[in-house]
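Protein chains in written order, with this note's numbering: chain G, 1 to 236; chain A, 1001 to 1236.
Just so it is clear, CB atoms sit at the ideal spot from N, CA and C, and this is done for glycine as well.
Structure first, then comments.
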DNA sequence: AACAATAAATTGGTTAACCAAAATACTTAA
DNA sequence: TTAAGTATTTTGGTTAACCAATTTATTGTT
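Here it is as structure tokens:
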């Protein structure tokens, strides 16, 4: 058996090792919320890894809001308590790559919400942006070209119009996974792509007329086929 | 006027500059999906920033699934098309820090879903974990101590039982913002904390009995007060 | 001309030294 | 003893050199 490098795999292992090490430190030393983590140099020495590895792990935990590095001062533990940090890190370590089904399920959940919210809160500017995205999609489809991206941008425009920055962020996070899985599963056939133009138009109209209930319904209709593809049952 | 350092602010500006620079590169050079980005060294020189700055920006875009660094080979652009990348980066650059309202709105959306899904899909092991979290919360409350963290862990246990890894990830992402804003707004008073024990119990029972509709209803009830605090209207 | 072998250049990852701001320890003056 | 001032240490951030895997270019052989 060859001694392979497996650099990418290793690097993830190293990062998880550091993250769990930080968790243990917080537990063992019982660091209070708002306290400082040991310095990056100490951590790299303690865990036997490079300082850049430590910095990467810290950046990841920073993304999840657990740590906050302060220049020339130290990295501070978020003021959310030891118990929460333990639970969160435990979950973060176990996080697996999202499967297509869970992506779709989540996307539909978010999209139905954004459709309703956008209908309620959309500004005139939002409307213009959605219209632009819609036209771009139609043009691509009528030219017989692939329009997966334009489709996504139409939906992201609605997300932005929802006035909920958190949902918008979450939509962005799941979007790449959606696109790559779409292409992998060959979800979009010719009929659906053309049908979607009409569905999009109806969604747009509902948002324009500020009818949340209708916008939600039309969005649900729009996702019916995709949902059935994943779950073999109707979208309730 | 003093020439202040503003290191933290600057570093964000630098990162955005790099990210938009990368976007422009992709547009201008019209890099096809799956192609390589210019090397980190070239980018750092082109943008007049350090290579570590470039690496950080790349790591951020990696998180959003737009870039994928390959050791000793290059950083590859996700196979999601130029248009989608443009739209996504545009949004990422404009992303603002989540406000409390949007956090709560999103949390309720996710929690109602996880409650229903957990009721349908929970395993025996899930049930045990939820029970544990529930007991931990009760103990803290009965001891008259703060139990915000234990509360969150109860809800995260339900999220895990939902069997939807994507939603679980999203819950984790919004959790720190929730906790810090909770403390800022002093949302939890004594009455609610005690009342929550009963509500939690009912949610648990519904999940145990695999009654999705009831679980969702009980969860909605559980969030009623918080929602009214944010929006001054009833949770529809 | 085509292909295999080899050498050079390029790549992301890693390491270690350095920087300026910040925190701490120490000294000094009242 | 206390408070102010100063020197030292510690900190995250930055830089540049280095590493090994990879890719590309070159050379050599048939």
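Those residues of the segment 29-61 of chain G placed with their C-beta closer than 8 Å to a C-beta in chain A are 56, 59, ordered along the chain.
Using a Cβ distance threshold of 7 Å, residue 1066/A and residue 1078/A count as a contacting pair. DSSP places residue 1139/A inside the alpha helix (DSSP H), whose first and last residues are 1124-1142. Three or more beta-carbon pairs separated by less than 8 Å are not found between the segment 1142-1149 of chain A and the segment 1166-1173 of chain A, which leaves the two stretches without contact. Annotation: the continuous beta strand (DSSP E) that includes residue 1068/A extends over 1067-1070.
Just so you know, the alpha carbons of residue 73/G and residue 38/G end up roughly 11 Å apart. Proximity to residue 1031/A across 1063/A, 1071/A, 1069/A, 1080/A peaks at 1080/A, based on C-alpha coordinates. Bounds of the beta strand (DSSP E) holding residue 1074/A are 1074-1077. Interface annotation, residue 197/G: not in contact with chain A, CB-CB separation never under 7 Å.
Contact between the segment 88-103 of chain G and the segment 214-223 of chain G is absent, with fewer than three C-beta pairs closer than 8 Å. It is roughly 8 Å from the alpha-carbon of residue 226/G to the alpha-carbon of residue 104/G. Chain-ordered, the chain A residues with CB closer than 9 Å to the CB of residue 66/G read 1176.
Excluding residues up to 5 positions away in sequence, 1218 lie with their Cβ nearer than 6 Å to the Cβ of residue 1202/A in the same chain.
The count of Cβ pairs closer than 8 Å, one atom from the segment 1080-1091 of chain A and one from the segment 1021-1028 of chain A, reaches three, so the stretches are in contact. Look at residue 80/G: its C-beta is under 7 Å from a C-beta on chain A. Here the segment 129-144 of chain G makes contact with the segment 194-212 of chain G; the two share three or more CB pairs at distances below 8 Å. Annotated three-state conformation of residue 1145/A is coil, per DSSP. Inter-residue distance for residue 93/G and residue 1235/A is about 34 Å (C-alpha atoms, whole angstroms). Interface with chain A (7 Å Cβ-Cβ cutoff): residue 224/G is excluded. Sequence-distant partners of residue 1119/A (beyond 5 residues in either direction) whose C-beta falls short of 7 Å from its own C-beta, in its chain, are 1206, 1207, 1210, 1211, 1212, 1215. The shortest C-alpha to C-alpha distance from residue 53/G to any of 64/G, 63/G, 41/G is the one to 41/G. Annotated three-state conformation of residue 232/G is coil, per DSSP. Close partners of residue 1093/A in chain G (Cβ separation under 7 Å) are lacking, with about 11 Å as the shortest Cβ gap. Contact between residue 1167/A and residue 1130/A does not hold, since their C-beta atoms are separated by about 16 Å, which reaches or exceeds 8 Å. Rounded to the nearest angstrom, the gap between the Cα atoms of residue 1043/A and residue 1051/A is 8 Å.
Within chain G, the residues 105, 106, 109 have their CB atoms less than 9 Å from the CB of residue 1113/A, given in chain order. Linking residue 1122/A to residue 1156/A through their CA atoms gives a straight-line distance of about 13 Å. Chain order gives the chain A residues near residue 164/G as 1102, 1105, 1106, where near means a beta carbon separation below 7 Å. For residue 1088/A, the chain G residues whose C-beta falls within less than 8 Å of its own C-beta are 156, 172, 175, 176, listed in chain order.
Rounded to whole angstroms, residue 1036/A and residue 204/G show a C-alpha spacing of 37 Å.
Remark: C-beta atoms of residue 20/G and residue 1165/A do not approach each other more closely than 7 Å.
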